[in-house]
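The numbering of the sequence shown is full-length UniProt numbering, which starts it at 1 and goes up by one.
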Amino acid sequence: MIPEAGHVTMTEDSFGSGVRFLEVWRDWQNSRPRPGTCLHFVAAASGPLHREELLKAVEGQTELEPLAQELCDHYPAVATGTHRLVLDRGRVRLTLCFGDLTDACATDDVGQRAQPRVAVIGAGIAGCLLANNLAGRGIETTLIDAADTVAAGASGNRQGALYVKLGVDYNDQTELALSALLFSQRFYRQFKGQGWHPTGLVQLVYNASEADRQARFLAKNQYPPAVFQPVTAEQASQLAGIPIPHGGLWFPESGWLQPDILCNALTDQPLITQRMNFPVARLAADAAGWRIISTSGEALCFDRVIICAGPNTPELIPVAGEFRMKAIRGQITEVPETLINPPSLVVCGPGYVNPAHRGSALVGATFDLHNSDPEVAQASDRENLKMLAELLPSALDKTGLDDLSSQVRGRVAFRCTTHDYQPIAGPMKSRDGEVIEGVYLFTGLGSKGLTYSPLLAEYLADLLTGQPCCLPTNLVRRLETGRCHKPVKD
């Protein structure tokens with residue numbers, strides 16, 4: 001029997017072999033659930049899934065075999081922490097907790113009405129992912145942006161790498177980065193051919209300091225080969241298809257994306273209404289919820305508002321005070337394919353270079369802390385090309401640096417970062433910790449928006465719908481919006 005709300009949540013003390021979950025999943029499918037409803041299955045897990053045993057246990061059971069295969073394809077490689085698996089085209093969510101089960105069940109009661117009016121301000125990758133996630137759960141969502149199209153800001157770069165740098169020490173920051181990387185790798189698989197290119201990625205030990213850091217990292221951490229594998233310079237060269245002078249870490253499940261194509265695919269949903277060309281001036285509370293007021297004075301009314309407007313986020317927060325966020329300029333450089341020997345996978349060092357696509361390879365990006373100029377600068381292009389020449393000398397065999405700088409094309413965008421370079425996601429809080437009812441932040445993603453956004457969109461959608469939370473409590477605390485308040489000086 002499906003409850004009136006449509007969503008079903010089940011909790012098990014032990015995931016066991018996984019057969020019990022498959023049977024519940026099958027019964028859920030056979031119940032013909034309404035569109036936009038979800039099955040949530042929350043379970044404690046003790047270790048890796050024994051794939052061969054599971055597939056053998058359901059052999060010959062025509063309804064369970066394809067479900068078992070999908071589960072095996074999505075099961076996390078790392079048996080620690082909390083993992084959310086999104087299955088059955090978003091209709092089934094499996095939360096596996098390798099630890100205290102109560103952590104996986106933590107969620108906020110947002111006290112929402114049955115069909116809340118929800119607005120997402122910002123149509124970059126974060127906003128598009130959140131709108132898509134909410135629509136998949138049956139929530140009508142309005143996506144608002146000042147531009148005339150989605151992915152007009154930093155998400156408008158032609159290519160972006162799926163990349164994080166895992167910490168030497170396993171702490172909350174490392175756990176969040178790892179969880180985000182693994183979730184995003186699983187999530188983007190469905191968009192192969194729609195902006196996702198799973199070429200793999202290699203992080204190079206490009207100098208002595210990085211070699212020392214990577215050695216300490218490998219000495220203190222053991223991850224399955226599906227997450228990353230150490231490679232020599234020779235092995236990296238074989239993977240990249242061009243000579244590479246350094247070894248490093250190879251992430252076989254990573255790759256690169258076309259954010260604009262992905263954003264358009266994500267927002268092609270009947271439950272998503274786009275309000276482009278709507279520059280937001282401010283938010284104002286009233287008895288009916290929140291009014292989003294444009295620079296021309298037009299107002300739209302909503303119950304829930306999520307602000308993920310990149311570098312414009314601080315000016316839209318409806319709370320007095322100063323916020324520890326900043327916009328950092330970044331310029332990427334597109335190099336014509338005829339002038340470069342591009343690698344066949346993403347190569348990262350002090351910057352990155354992507355494989356060639358549609359006539360060019362993207363190199364970047366500058367990190368300009370004290371430059372707010374939105375115009376393309378030749379000096380920034382030269383900086384990117386100099387980085388490329390030092391990281392991958394063989395990539396520029398065809399053309400000298402001076403000749404190349406006049407034949408490339410740059411693009412400028414601004415990242416939104418926090419004081420500690422960690423993302424923020426959750427209900428907005430005042431300086432004294434009071435929750436601002438109906439307002440949420442989704443920001444501070446910096447240069448890792450493609451990696452962090454899928455998991456954090458999943459988390460926010462959990463909160464907004466009152467469904468089981470995909471993150472343990474330590475990571476929820478790590479994302480607290482109260483971090484963004486600038487301390488008051490005595």
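Glycine included, every Cβ here is placed at the ideal spot set by N, Cα and C.
Own chain, CB closer than 7 Å to residue i, minus 5 neighbours either side, in chain order
i: G18; result: L49, L54 and L71
i: N341; result: I242, S394, A395, D397 and K398
i: Q378; result: S405
i: L178; result: V78 and L166
i: T451; result: L162, Y163, V164, A180, L181 and S184
i: Y421; result: G446
i: A425; result: L441, F442, L456, Y459, L460 and L479
i: T176; result: The question names Thr, yet the displayed sequence has Leu at residue 176. Contacts found: L475 and R478.
i: S237; result: P243 and I244
C-beta contact flag for residue i and residue j at 9 Å
i: residue 554; j: V120; result: Only positions 1 to 490 of the chain appear in this structure, which leaves residue 554 out of reach.
i: G200; j: P116; result: no
i: residue 491; j: V42; result: No answer is possible for residue 491: it lies beyond the span of the chain, which begins at 1 and ends at 490.
i: R358; j: P318; result: no
i: W25; j: L87; result: yes
i: R329; j: T418; result: no
i: I293; j: T141; result: no
i: P286; j: K220; result: Residue identity differs from the one stated: residue 286 is Asp in this sequence, not Pro. It is not a contact, given that the beta carbons lie outside the stated cut-off.
i: A327; j: F414; result: yes
i: K448; j: P423; result: yes
i: G410; j: S380; result: yes
Close-in-space but distant-in-sequence residues of the same chain around residue i (CB under 6 Å, 5 per side omitted)
i: V412; result: Q331, P374 and V376
i: A356; result: E337 and P342
i: K429; result: V435, T481 and G482
i: N474; result: D172
i: P427; result: V435 and Y440
i: T80; result: F98
i: P224; result: A77
i: H74; result: L85 and R186
i: E216; result: It is worth fixing the name first, because residue 216 is Arg in this sequence and not Glu. If we look at R216 and ignore the five residues flanking it on each side, its Cβ neighbours are V168.
Assigned exposure category for residue i - 16 Cβ within 10 Å defines buried
i: G444; result: buried
i: H370; result: exposed
i: S372; result: exposed
i: Q190; result: exposed
i: N132; result: buried
i: R477; result: exposed
i: F383; result: According to the sequence provided, residue 383 is Glu. The question's Phe does not apply to it. Flag for E383 reads buried.
i: T39; result: Reading off the sequence shown, one finds Leu at residue 39, where the question assumed Thr. Classification of L39: buried, given that the 10 Å Cβ count is 16 or more.
i: E298; result: exposed
i: T62; result: exposed
i: G47; result: exposed
i: L401; result: exposed
i: E334; result: buried
i: T313; result: buried
i: C301; result: exposed
i: T295; result: exposed
i: V118; result: buried
i: S14; result: exposed
i: V227; result: buried
i: G433; result: exposed
i: A208; result: exposed
Close beta carbons around residue i, own chain, < 8 Å, minus the five adjacent residues each side
i: P233; result: Note that residue 233 corresponds to Ala in the displayed sequence, not to Pro. If we look at A233 and ignore the five residues flanking it on each side, its Cβ neighbours are I244, P245, H246 and G247.
i: V353; result: P342, P343, V346, V347, A361, L362, V363, L388, L391, L392 and A395
i: L239; result: G200, V202, V231, W250, S344 and L345
i: I2; result: The predicted position of I2 is uncertain, since its pLDDT is 36 and thus under 50; a value taken from the coordinates is nonetheless stated next. Excluding sequence neighbours, I2 sits near V8, S31, P33, R34 and T37.
i: A265; result: F191, Q194 and G195
i: C308; result: V120, I121, G122, G124, A126, G127, L130, L441, F442 and T443
Supposed close pair residue i, residue j - CB separation, criterion 8 Å
i: T267; j: Q258; result: T267 to Q258, Cβ: 15 Å. No contact.
i: R291; j: L464; result: Going by Cβ atoms, the distance from R291 to L464 rounds to 19 Å, so no, they are not a contact pair.
i: G153; j: G127; result: The pair is not a contact, with the Cβ atoms about 10 Å apart (cut-off 8 Å).
i: S453; j: L129; result: 5 Å
i: G122; j: G310; result: 6 Å
i: Q235; j: L339; result: That belief does not hold up - the Cβ atoms of Q235 and L339 are roughly 27 Å apart, past 8 Å.
i: Q269; j: A365; result: About 30 Å separates the two Cβ atoms, so there is no contact after all.
Distance cut-off 8 Å: residue i Cβ against heavy atoms of the ligand SAM
i: G36; result: Inclusion of the ligand SAM in the displayed structure is not the case, the ligand content being empty and no account of it being possible.
Does the stretch 57 to 76 come into contact with the stretch 151 to 165, if we say contact requires no fewer than three beta-carbon pairs (one atom in each stretch) closer than 8 Å? no
So, does the stretch 145 to 154 touch the stretch 188 to 196, judging by three or more C-beta pairs under 8 Å? In the pairwise beta carbon analysis, the stretch 145 to 154 is classified as not touching the stretch 188 to 196: fewer than three pairs are separated by under 8 Å.
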